[in-house]
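Be aware that the sequence shown starts at 164, since it is given in our numbering, and climbs by one per residue.
Idealized CB from N, CA, C, for every residue including glycine.
Just so you know, these numbers come straight off a predicted model, no measurement behind them.
Following: one structure in structure tokens, then a few remarks.
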Amino acid sequence: MESISLLLGEALSPYQVSLSPSGSHGECLVTLKNSHGAIVVEREFNQAQLTDKRQLTDVVDGLHRDVLIAEGRLEPCVIAALRNAALDKRATL
Numbered sequence: 164m165e166s167i168s169l170l171l172g173e174a175l176s177p178y179q180v181s182l183s184p185s186g187s188h189g190e191c192l193v194t195l196k197n198s199h200g201a202i203v204v205e206r207e208f209n210q211a212q213l214t215d216k217r218q219l220t221d222v223v224d225g226l227h228r229d230v231l232i233a234e235g236r237l238e239p240c241v242i243a244a245l246r247n248a249a250l251d252k253r254a255t256l
């Protein structure tokens, strides 16, 4: 678990990353704090998401997105518009 914490810390720098046990089925709470110690994002993941390389990449991508939204640098409606544009593009191919 410590190596996962180090990997997440590197991938999500400059945020402070902490992992703590959560839930009765081995879930893990991932907390990202800014330089002032304020919680920016807090999410719960299952062990498989944190131990599988492919799923861990998805976790990091999702946390990056959540940080952008939490800090107001990305609006959820922009994400929806991008998804719709991608779906429309696939439909015309």
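{"query": "Quick check: residue 222 and residue 213, are their CB atoms within less than 8 Å of each other?", "result": "yes"}
{"query": "Please name the residue in 246, 165 and 195 whose C-alpha comes closest to that of residue 229.", "result": "195"}
{"query": "Assign residue 240 to buried or exposed, taking buried as 16 or more other Cβ atoms, counted over all protein chains shown, within 10 Å of its Cβ.", "result": "exposed"}
{"query": "Quick one: measure Cβ to Cβ for residue 219 and residue 207, integer angstroms, because I've assumed they're closer than 8 Å.", "result": "Not confirmed; about 15 Å, so no contact."}
{"query": "Buried or exposed, going by whether 16 or more other CB atoms sit within 10 Å of the CB of residue 250?", "result": "exposed"}
{"query": "Look at residue 189 and residue 209 and say whether their C-beta atoms are less than 8 Å apart.", "result": "yes"}
{"query": "Measure the beta-carbon distance from residue 203 to residue 233 and round it to whole angstroms, keeping in mind my assumption that it falls under 8 Å.", "result": "5 Å"}
{"query": "Classify residue 245: buried if its beta carbon has 16 or more other beta carbons within 10 angstroms, exposed otherwise.", "result": "exposed"}
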